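Remarks on the structure that follows.
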Amino acid sequence: MKSNPAPPPGEAQRTAEAARELIELLEVLWERGRDMVSATPVSASQLRVLYSLDREEGISLRTLGDLLGSAPPSVSRMCDRLEALGFVQRLPSSVSRRQLELHLTAHGKAYLRELRVQREEALLAVIADMSPTNRKALLRGLSGFHEALEGSGPTASSRSRTPLKDVSSA
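For the sequence shown, the positions run 12 to 181 when the numbering used here is used.
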(Lines of atoms letter the chains of each structure in order from A and count residues from 1; the text may use other names and numbers.)
(Lines give C-alpha, C1' and ligand atoms only; values in the text may rest on other atoms or scores of the structure.)
Protein backbone atom coordinates (compact mmCIF):
# COMPACT_ATOMS: atom_id res chain seq x y z
CA MET A 1 0.00 0.00 0.00
CA LYS A 2 1.43 3.36 -0.98
CA SER A 3 1.66 6.25 1.42
CA ASN A 4 0.82 9.77 0.30
CA PRO A 5 2.50 12.83 1.76
CA ALA A 6 0.42 15.04 4.05
CA PRO A 7 -1.28 17.92 2.22
CA PRO A 8 0.07 21.45 2.72
CA PRO A 9 -1.52 23.38 5.60
CA GLY A 10 -5.02 24.52 4.74
CA GLU A 11 -5.28 22.46 1.56
CA ALA A 12 -7.05 19.56 3.22
CA GLN A 13 -9.51 21.97 4.87
CA ARG A 14 -10.24 23.79 1.58
CA THR A 15 -10.68 20.46 -0.20
CA ALA A 16 -13.05 19.19 2.50
CA GLU A 17 -15.08 22.41 2.31
CA ALA A 18 -15.30 22.17 -1.49
CA ALA A 19 -16.38 18.51 -1.23
CA ARG A 20 -19.01 19.39 1.40
CA GLU A 21 -20.41 22.16 -0.81
CA LEU A 22 -20.51 19.79 -3.77
CA ILE A 23 -22.31 17.15 -1.72
CA GLU A 24 -24.88 19.71 -0.60
CA LEU A 25 -25.51 20.72 -4.22
CA LEU A 26 -25.77 17.07 -5.22
CA GLU A 27 -28.33 16.49 -2.45
CA VAL A 28 -30.52 19.21 -3.98
CA LEU A 29 -30.04 17.66 -7.41
CA TRP A 30 -30.79 14.19 -5.99
CA GLU A 31 -34.05 15.39 -4.44
CA ARG A 32 -35.20 16.65 -7.83
CA GLY A 33 -34.43 13.22 -9.30
CA ARG A 34 -36.34 11.46 -6.53
CA ASP A 35 -39.37 13.68 -7.10
CA MET A 36 -39.31 12.85 -10.82
CA VAL A 37 -39.20 9.07 -10.28
CA SER A 38 -42.23 8.49 -8.13
CA ALA A 39 -44.93 10.16 -6.13
CA THR A 40 -44.16 7.59 -3.42
CA PRO A 41 -42.30 9.40 -0.67
CA VAL A 42 -39.08 7.60 0.19
CA SER A 43 -36.96 9.26 2.87
CA ALA A 44 -33.19 9.54 2.65
CA SER A 45 -32.89 6.86 5.36
CA GLN A 46 -35.20 4.53 3.45
CA LEU A 47 -33.19 5.16 0.32
CA ARG A 48 -30.02 4.09 2.17
CA VAL A 49 -31.80 0.85 3.03
CA LEU A 50 -32.68 0.30 -0.64
CA TYR A 51 -29.09 0.98 -1.69
CA SER A 52 -27.80 -1.40 0.96
CA LEU A 53 -30.14 -4.18 -0.16
CA ASP A 54 -29.18 -3.55 -3.76
CA ARG A 55 -25.52 -4.10 -2.84
CA GLU A 56 -26.08 -6.96 -0.38
CA GLU A 57 -29.16 -8.85 -1.50
CA GLY A 58 -30.54 -11.26 1.09
CA ILE A 59 -28.97 -9.80 4.23
CA SER A 60 -30.64 -10.09 7.61
CA LEU A 61 -32.15 -7.25 9.65
CA ARG A 62 -29.24 -7.51 12.09
CA THR A 63 -26.66 -7.23 9.31
CA LEU A 64 -28.54 -4.30 7.78
CA GLY A 65 -28.63 -2.62 11.19
CA ASP A 66 -24.88 -3.10 11.56
CA LEU A 67 -24.31 -1.72 8.08
CA LEU A 68 -26.40 1.37 8.79
CA GLY A 69 -25.27 1.78 12.40
CA SER A 70 -28.81 1.54 13.70
CA ALA A 71 -30.68 -0.55 16.23
CA PRO A 72 -32.67 -3.55 14.94
CA PRO A 73 -36.08 -2.10 16.01
CA SER A 74 -35.46 1.05 13.93
CA VAL A 75 -34.37 -0.97 10.92
CA SER A 76 -37.32 -3.29 11.31
CA ARG A 77 -39.79 -0.37 11.33
CA MET A 78 -38.13 1.10 8.27
CA CYS A 79 -38.34 -2.24 6.46
CA ASP A 80 -42.02 -2.46 7.48
CA ARG A 81 -42.62 0.85 5.69
CA LEU A 82 -40.63 -0.20 2.63
CA GLU A 83 -42.47 -3.51 2.54
CA ALA A 84 -45.81 -1.65 2.68
CA LEU A 85 -44.66 0.45 -0.30
CA GLY A 86 -43.83 -2.75 -2.19
CA PHE A 87 -40.07 -2.07 -2.37
CA VAL A 88 -38.82 -4.76 0.03
CA GLN A 89 -39.81 -8.30 0.89
CA ARG A 90 -38.77 -10.53 3.75
CA LEU A 91 -38.17 -14.16 2.89
CA PRO A 92 -37.16 -17.15 5.02
CA SER A 93 -33.41 -17.59 5.23
CA SER A 94 -31.86 -20.51 3.41
CA VAL A 95 -29.35 -20.79 6.27
CA SER A 96 -31.47 -20.48 9.40
CA ARG A 97 -35.17 -21.01 10.03
CA ARG A 98 -35.05 -18.31 12.69
CA GLN A 99 -33.82 -15.58 10.35
CA LEU A 100 -35.38 -13.64 7.53
CA GLU A 101 -33.58 -12.35 4.47
CA LEU A 102 -34.31 -8.92 3.03
CA HIS A 103 -34.73 -8.60 -0.73
CA LEU A 104 -35.65 -5.81 -3.08
CA THR A 105 -38.82 -6.48 -5.02
CA ALA A 106 -39.06 -5.91 -8.76
CA HIS A 107 -40.80 -2.62 -7.88
CA GLY A 108 -37.92 -1.64 -5.57
CA LYS A 109 -35.34 -2.49 -8.21
CA ALA A 110 -37.26 -0.54 -10.85
CA TYR A 111 -37.46 2.46 -8.49
CA LEU A 112 -33.69 2.46 -7.94
CA ARG A 113 -33.00 1.95 -11.65
CA GLU A 114 -35.21 4.91 -12.62
CA LEU A 115 -33.79 7.06 -9.82
CA ARG A 116 -30.26 6.36 -11.00
CA VAL A 117 -31.23 7.19 -14.61
CA GLN A 118 -32.76 10.53 -13.53
CA ARG A 119 -29.73 11.40 -11.42
CA GLU A 120 -27.28 10.43 -14.12
CA GLU A 121 -29.14 12.56 -16.66
CA ALA A 122 -28.94 15.53 -14.28
CA LEU A 123 -25.21 14.95 -13.79
CA LEU A 124 -24.61 14.56 -17.52
CA ALA A 125 -26.27 17.92 -18.15
CA VAL A 126 -23.88 19.62 -15.71
CA ILE A 127 -20.83 17.70 -16.92
CA ALA A 128 -21.62 18.60 -20.54
CA ASP A 129 -21.15 22.26 -19.59
CA MET A 130 -17.66 21.62 -18.23
CA SER A 131 -14.52 22.00 -20.29
CA PRO A 132 -12.76 18.77 -21.34
CA THR A 133 -9.86 19.64 -19.02
CA ASN A 134 -12.19 20.09 -16.06
CA ARG A 135 -14.05 16.86 -16.87
CA LYS A 136 -10.77 14.94 -16.87
CA ALA A 137 -9.72 16.61 -13.62
CA LEU A 138 -13.07 15.74 -12.04
CA LEU A 139 -12.78 12.13 -13.13
CA ARG A 140 -9.22 11.91 -11.84
CA GLY A 141 -10.19 13.51 -8.52
CA LEU A 142 -13.28 11.36 -8.02
CA SER A 143 -11.29 8.23 -8.87
CA GLY A 144 -8.66 9.18 -6.30
CA PHE A 145 -11.33 9.94 -3.70
CA HIS A 146 -12.99 6.58 -4.34
CA GLU A 147 -9.68 4.73 -4.05
CA ALA A 148 -8.87 6.49 -0.78
CA LEU A 149 -12.34 5.72 0.57
CA GLU A 150 -12.23 2.06 -0.41
CA GLY A 151 -8.63 1.63 0.72
CA SER A 152 -6.73 -1.52 0.03
CA GLY A 153 -5.64 -4.56 1.93
CA PRO A 154 -7.36 -6.46 4.73
CA THR A 155 -8.95 -3.42 6.41
CA ALA A 156 -10.81 -2.34 3.27
CA SER A 157 -13.75 -4.68 3.86
CA SER A 158 -14.23 -3.45 7.41
CA ARG A 159 -13.96 0.16 6.27
CA SER A 160 -16.63 -0.33 3.61
CA ARG A 161 -19.01 -1.58 6.33
CA THR A 162 -18.66 1.56 8.41
CA PRO A 163 -22.12 2.70 9.50
CA LEU A 164 -23.57 5.16 7.02
CA LYS A 165 -25.73 7.02 9.51
CA ASP A 166 -28.17 6.20 12.24
CA VAL A 167 -31.52 5.63 10.56
CA SER A 168 -33.65 5.80 13.70
CA SER A 169 -35.07 9.18 12.74
CA ALA A 170 -36.80 7.84 9.64
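All C-beta atoms, glycine included, are put in the ideal place defined by N, C-alpha and C. Keep in mind the model is a prediction, meaning the values are calculated, not measured.
Any idea what DSSP makes of Pro20, helix, strand or coil? Position 9 of the sequence shown, counted from the first residue, corresponds to residue 20. In this structure, Pro20 counts as coil in the three-state DSSP scheme.
Per-residue burial, Leu149 [other beta carbons within 10 Å of its own, 16 or more giving buried]: Taking the sequence shown and counting its residues from 1, one reaches residue 149 at position 138. Per the 10 Å Cβ criterion, exposed.
May I ask you to report which of helix, strand or coil DSSP gives Arg108? The residue labelled residue 108 in the question sits at position 97 within the sequence shown. Looking at Arg108 - three-state DSSP - the assignment turns out to be coil, as it is neither helix nor strand.
Integer-rounded CB distance, given that His118 should sit under 8 Å from His64: What you label residue 64 is simply residue 53 of the sequence shown in a count that begins at 1. What you label residue 118 is simply residue 107 of the sequence shown in a count that begins at 1. For the sequence presented, residue 64 should be read as Leu rather than His. Contact doesn't hold; Cβ gap of about 13 Å is too wide.
Integer-rounded CB distance, given that Gln110 should sit under 8 Å from Ser81: Looking up residue 81 in the sequence shown gives position 70. Looking up residue 110 in the sequence shown gives position 99. Incorrect: roughly 18 Å between the Cβ atoms, too far for contact.
Separation of Leu58 from Thr116, as counted between CA atoms: Residue numbering aside, residue 116 sits at position 105 when the sequence shown is read from its first letter. Residue numbering aside, residue 58 sits at position 47 when the sequence shown is read from its first letter. Going by the C-alpha atoms only, they are around 14 Å apart.
Whole angstroms is fine: what's the gap from Arg108's alpha carbon to Arg92's? For the purposes of this step, residue 108 is taken as the residue at position 97 of the sequence shown. For the purposes of this step, residue 92 is taken as the residue at position 81 of the sequence shown. Counting only the Cα atoms, Arg92 lies some 24 Å from Arg108.
Can you tell me the Cα-Cα spacing of Ser171 and Arg88, whole angstroms? Mapped onto the sequence shown, residue 171 falls at position 160. Mapped onto the sequence shown, residue 88 falls at position 77. Its pLDDT being 45, under 50, Ser171 is placed unreliably by the model, and the measurement read from it follows with that caveat. One C-alpha to the other measures close to 24 Å.
So Leu102 is in the beta strand (DSSP E); what residue range does that whole segment cover? Position 91 of the sequence shown, counting from 1, holds the residue named residue 102. Here the beta strand (DSSP E) through Leu102 covers Val99 to Pro103.
To the nearest angstrom, report how far apart Ser54 and Thr74 are at their CA atoms. As a first step, residue 54 is located in the sequence shown; it is residue number 43 there, counting from the start. As a first step, residue 74 is located in the sequence shown; it is residue number 63 there, counting from the start. Rounded to the nearest angstrom, the two C-alpha atoms are 20 Å apart.
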